[in-house]
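Worksheet: the structure to be examined is printed underneath.
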Amino acid sequence: MRTKRTFTTTTEALAAAFLCALPLTACSSTDDGRSYSVPDNICGIDVDSKILEKLLDDGDEMVQDANNFPLSGSYICHMYVDGNDSVVSDASWHESGYTLREHFEYSNIKGVRYFQEGKYASWRSGIATVLPCPGVSDKGDVVDVSLEDMEWDEDSRGLLEKLGPPYFDAYKKKLGCPS
């Protein structure tokens, strides 16, 4: 015969409820719907993980996929969440004299905002720059680099404007561009 357990204090009742709920929450995702660890890099380039976390989508699994780091060609890094593009970094080499404005010349990107004396340009879902990098690649002396939030929202531009400049500096350093 089973006896019914009654709790004599509120503390006992709360403790019992906590112990019953613990197994249910131990393996679930975080409050924001994310159950993967947020990296502190984008395909090997250091970034602020607190900002990156706000850009990455909710989900169970995040995978980074990139081609070889670019010294002679274009480079793209995908950050997939549950198989869908979430954040993407893209880079291409150009001849000396290529400018950030040229980067947007044939695109359909609207609402481009240039800041820090034209060094960076952002739009609702991305940010880009052109880095001088002479003598590093046989494909050119400058490289355009962009970051894009594929599932952008009203906060994406501001977050990318914070994440982008340090990311671009780290990118330039990794390439070995002269200062």
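Remember, my numbering sits 728 above the position in the sequence shown when you count from 1.
No residue lacks a Cβ here, since even glycine has one placed at the ideal position from N, Cα and C.
Enumerate in chain order the residues of its own chain whose CB-to-CB distance from residue i is below 7 Å, with the five nearest sequence positions on each side excluded.
i    : result
I837 : W851
D810 : G787, D788 and E789
N795 : Y803 and I804
P751 : Unreliable positioning characterises P751 in this predicted model, as indicated by a pLDDT of 34, which lies under 50. A coordinate reading is not provided.
Return the bridge partner residues of residue i from the DSSP annotation.
i    : result
N769 : D774
I804 : D818
S874 : D818 and A856
S763 : According to DSSP, which records beta bridges pairwise, S763 is partnered with nothing at all.
S865 : G868
Kindly list the residues whose CB is nearer than 6 Å to the CB of residue i, restricted to its own chain and excluding five residues on each side of it in sequence; keep chain order.
i    : result
Y764 : E789 and M790
F914 : The requested residue 914 does not occur in the structure, where the chain is confined to residues 729 to 907.
S874 : D818, G854 and A856
H822 : G868 and V870
Kindly indicate which three-state DSSP category residue i falls into: helix, strand or coil?
i    : result
I837 : coil
F832 : coil
Y848 : strand
P908 : Residue 908 falls outside the range modelled here, since the chain spans only 729 to 907, and no answer is possible.
Y826 : coil
L859 : strand
G886 : helix
E781 : helix
Y842 : strand
K900 : helix
G787 : strand
D813 : strand
D793 : strand
Could you tell me if residue i is buried or exposed, where buried requires 16 or more neighbouring beta carbons within 10 angstroms of its beta carbon?
i    : result
D877 : buried
P814 : The amino acid at residue 814 is misidentified as Pro; the sequence shows Ser. By the neighbour-count rule (16 or more Cβ atoms within 10 Å), S814 is buried.
G892 : buried
F843 : exposed
S835 : exposed
S824 : exposed
Just to check my reading of the structure: residue i and residue j have Cβ atoms closer than 8 Å, yes? What is that Cβ distance to the nearest angstrom?
i    : j    : result
L828 : G801 : Not a contact, Cβ separation roughly 20 Å.
L783 : S884 : 7 Å
D768 : P894 : Contact doesn't hold; Cβ gap of about 12 Å is too wide.
S820 : V871 : 7 Å
I779 : K890 : 5 Å
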